[in-house]
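Letter by letter, the sequence shown follows residues 174 to 346 of this note's numbering.
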Amino acid sequence: MPQTKTQGAVFGLLMSYFMALGMEVANVAHKLGAMSNAVFLPALKETAFMGAIVFVVSTLYGSRAGQHIAHRFVQPGRDNPLLVTLAVSGCTVMVMCPSMSLIATALFTGIDAEFFARFLATLYRNLPWALLWQIFAAGPATRGVFRAIFHKQLVENDRKAFSSGTECDKMDA
């Protein structure tokens with residue numbers, strides 16, 4: 174969907190913070206033992222720095238690895254766009270969730286003899302939520318906000334793509 178480096182950076186930042194927000198809400202609710210209004214302020218505070226970490230990890234390898242894995246199964250332009258989006262989303266979560274669970278476990282609980290067990294417990298708890306949050310909330314929200322921000326550029330790019338002297342245009346002449 175992003176077509177320039179600037180658009181890619183904005184899309185990445187939006188996705189990173191939407192994902193971090195959803196995951197922090199879930200993890201703070203888990204820590205407090207229930208979902209309540211008391212969850213939101215601590216989750217927002219943690220989202221501020223965890224979103225930046227998500228963005229860095231995603232930029233370094235998470236997004237590319239997720240796309241690479243997904244493109245083993247689906248091909249953009251050949252397969253249904255929804256299927257491609259779901260495959261890329263799922264495969265990116267498959268890469269990012271273990272990475273971020275490892276980092277979060279180290280940051281929030283420290284590294285000791287029980288670290289690996291706590292990491293696995295964190296991953297076990299986070300993976301289903303991350304996948305559902307990505308597919309049903311963060312992904313659609315990110316794409317919607319991205320389209321709103323870059324509406325004029327996206328419309329202009331589509332117009333250029335469809336009026337660039339394709340075979341159909343030549344047949345009409």
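The beta-carbon is built from N, C-alpha and C at its ideal position, and this holds for glycine as well. Every value quoted in this text rests on a predicted model; they were computed, and no experiment measured them.
Check                                                                                                                        : Outcome
Residue 234 - containing alpha helix (DSSP H), residue span                                                                  : Segment: none, residue 234 is in no alpha helix (DSSP H) and carries neither H nor E.
First and last residue of the uninterrupted alpha helix (DSSP H) at residue 271                                              : 254 to 282
Inter-residue Cα distance where the pair is residue 342 and residue 336                                                      : Residue placement at residue 342 is poorly supported in this model, since its pLDDT is 48, which falls under 50; the coordinates still yield a value, given next. Between residue 342 and residue 336, the C-alpha separation is close to 7 angstroms.
Which of helix, strand or coil DSSP assigns to residue 177                                                                   : coil
Residue 291, DSSP secondary structure in three states                                                                        : helix
Contact belief for residue 205 with residue 211 at Cβ below 8 angstroms, rounded distance in angstroms                       : 6 angstroms
Entirely enclosed alpha helix (DSSP H) segments - the stretch 181 to 251, minimum 4 residues                                 : 213 to 230 and 236 to 243
Range covered by the alpha helix (DSSP H) that runs through residue 307                                                      : Counting along the chain, residue 307 falls outside any alpha helix (DSSP H), and DSSP gives it neither H nor E.
Among 186, 242 and 299, the one whose alpha carbon lies nearest that of residue 260                                          : 242
C-beta contact flag for residue 228 and residue 263 at 8 angstroms                                                           : no
Cβ contact check for the stretch 310 to 319 and the stretch 184 to 204: 3 or more pairs under 8 angstroms                    : yes
For residue 319, the three-state DSSP class (helix, strand or coil)                                                          : helix
Other residues of its chain near residue 176: CB distance less than 7 angstroms, five sequence neighbours each side excluded : 330
Contact under 8 angstroms by Cβ, residue 265 with residue 236                                                                : yes
8 angstroms Cβ cutoff met for residue 291 and residue 278                                                                    : yes
Local conformation of residue 286 per DSSP, three classes                                                                    : coil
Proximal residues to residue 271 (C-beta, below 7 angstroms), its chain only, five neighbours per side dropped               : 296
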